[in-house]
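What follows is a single structure, written as structure tokens, with notes after it.
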């Protein structure tokens, strides 16, 4: 590659190279002038001039032939050298410095300066000076007596011809040089434009055209210097779109890119000219607010940003509402350089996500401790898999009419060596953020299937084993293989496995998700919607995903006796499920009156402390007897 670059640079160094046609015209014109001069020499009987003109004419013809063969460099060198020699001989042998041939010297110099190399030009100039000095010496020493030729029509013809030849040649070459200069200026402009484009690409995100991390770092440094003078604050906002991966995987990457561009445009429309909106990558954005006067003013700006982003938008004929999790770090209290402020804004953003998303948090030092704690839990969780610290507890699901066992839900627990028994609410989010949920989910699925087969071997009736899925598992491409492998290894009948999904996981019913769940249904696996009623309840996805069961969230169940609105919601869910031929399970039943009301409403199954708390495998085995 380097040789190619060097070659390109060499080619650019040759600014001007006349074409063959132009040089041929000059050669033809020279031949014409030599014919006129030769005719005059013959008429005057000057044999030396005649011989010289004939030699010059011959050399010009040869040069013309070389030019037409595209050997211009050789032709130019030959023509200039021979013409220089002929002119010099004519000067020395005839009138010296009084000779009209002296006019040829400037013409030759101009031609050499344009067509020949620097070495040839300097050599010709030096030779001309030597000839002039020699002629002067000959005249002064008396060795040669140079007498001026009287003016007449013949001499006028020679001088005029030489002047015309010089003028025409110079005009032709100068015209070519002018065009070459224009072309060069155009190339320089294009080069400058290309350089500007490269500089822009190096500092901007190619998708949204927002400044990238390199440029935003420079602007943060400039904002900090300005804030030092004005004694104001600089705010660095770290923004992350909530549930973007789900939307991107469901709708497709092109729709995801369109969404990012729309969000970028909305964010940019909200800030001042002195502020900066930057895309860091993926679904992460940075906003740098300069000269922030107060926390109150900052809070107002962030609130307006959230409201603007939350306005509905339509992608692929689907209306979406997007939310942001925002972390904020301030100069000077949180740091005085870009790297520190970025790190702390990132930490605050994760706190906002942990609080339930669609929120913003200002950094404080306690967050660093929380971050370290989260990292520590992540490391402990990695070791928990290797150390067999995870275990499953099982909660019965019974028939609401006669109380017989219908299904068992597998619930994950972590027997931490220091913290004791830890529930999933304490570590599932860390597992999802770190990607460990995939391995943990596989472990849960395999152990639950194996445990059900073991119970069946002990005489347990054929009941469903229900396993919860994470959104991360659903949107990974190997879920089908994971389920198929768990069934094959355990020997469990597919019809006895029920996978529980949340409504939010089915919010964007992409074709990929539909096909995946259809393949699971084709295996014989059943599907249930957990916590139904708390999310985006939609009749269409119940049909599209071929759902088998709705699990009514405990928030509606526990107040069903006293709260008429909750009772109405539960009644509507049961009636809707019945019309769609779906089974219903009420979660969180803790007393007999609640069970009785749900049974009267037509709910199929129940789950809660009234029947049993989650049990170990051994305890469940005794309970089932």
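In my numbering, the protein residues as written are 4 to 628.
C-beta atoms are modelled at their ideal positions from N, C-alpha and C, and glycine is treated no differently.
Exclusion of the five residues before and after residue 334 leaves 227, 230, 236, 237 and 344 as the residues of its chain whose Cβ lies within less than 7 Å of its Cβ. A direct Cα-Cα distance of roughly 28 Å separates residue 184 from residue 84.
For residue 364, the enclosing beta strand (DSSP E) starts and ends at 363–365. Nearest C-alpha to residue 353 among 398, 436, 274 and 379: 436. For residue 529, DSSP records a beta bridge to 501. The alpha-carbon separation between residue 331 and residue 277 amounts to approximately 18 Å. For residue 284, the enclosing beta strand (DSSP E) stretches over residues 279–284. Remark: C-beta atoms of residue 563 and residue 570 approach each other more closely than 9 Å. For residue 38, the number of other beta carbons within 10 angstroms of its own is below 16, and it is reported as exposed.
Here DSSP, grouped into helix, strand and coil, assigns residue 474 to helix. If the five residues before and after residue 77 are omitted, its C-beta is found closer than 6 Å to the C-beta atoms of 69, all from its own chain and listed in chain order. Distance check between residue 612 and each of 604, 590, 599 and 621 places 590 closest, using alpha-carbon atoms only. Beta-bridge pairing by DSSP links residue 417 to 393 and 425.
Each of 518, 402 and 481 was checked against the Cα of residue 586, and the nearest Cα belongs to 402.
Residue pairing from DSSP places residue 400 in a beta bridge opposite 410. Cβ-Cβ distances below 7 Å link residue 219 to 279, 281, 289 and 291 in the same chain, with the five nearest sequence neighbours on each side left out; the list follows chain order. When the beta-carbon positions are compared, residue 399 and residue 610 come within less than 9 Å of each other. Per DSSP, the beta bridge partners of residue 327 are 244. Look at residue 341 here: in three-state DSSP terms it is helix. Contact fails between the region 596–605 and the region 615–625, because fewer than three Cβ pairs, one in each stretch, are under 8 Å apart. Taking C-beta separations shorter than 8 Å and ignoring five residues to either side along the sequence, the partners of residue 91 in its chain run 130, 131 and 134, following chain order. Residue environment: residue 31 is assigned as exposed (fewer than 16 neighbouring CB atoms within 10 Å of its CB, all protein chains considered).
Beta-bridge pairing by DSSP links residue 554 to 588.
Residue 336 and residue 422 have their C-alpha atoms roughly 35 Å apart.
Where residue 430 is concerned, there is no enclosing alpha helix (DSSP H), because DSSP gives it neither an H nor an E. In the three-state reduction of the DSSP assignment, residue 238 falls in the strand class. DSSP, read as helix, strand or coil, puts residue 466 in coil. Under DSSP, residue 295 forms a beta bridge with 236. In the three-state reduction of the DSSP assignment, residue 194 falls in the helix class.
Contact check for residue 454 against residue 468 passes: the beta carbons are separated by less than 9 Å. For residue 430, the closest of 393, 459, 461 and 246 by C-alpha to C-alpha distance is 393. Between residue 525 and the set 548, 113, 274 and 124, the nearest pair of CA atoms involves 548.
With the rule of 3 Cβ pairs closer than 8 Å, the region 354–368 does not count as touching the region 379–398. Three or more beta-carbon pairs separated by less than 8 Å are not found between the region 316–326 and the region 291–305, which leaves the two stretches without contact.
Rounded to whole angstroms, the gap between the alpha carbons of residue 413 and residue 523 is 19 Å. By the Cβ neighbour-count rule, residue 190 is exposed, with fewer than 16 other Cβ atoms within 10 Å of its own.
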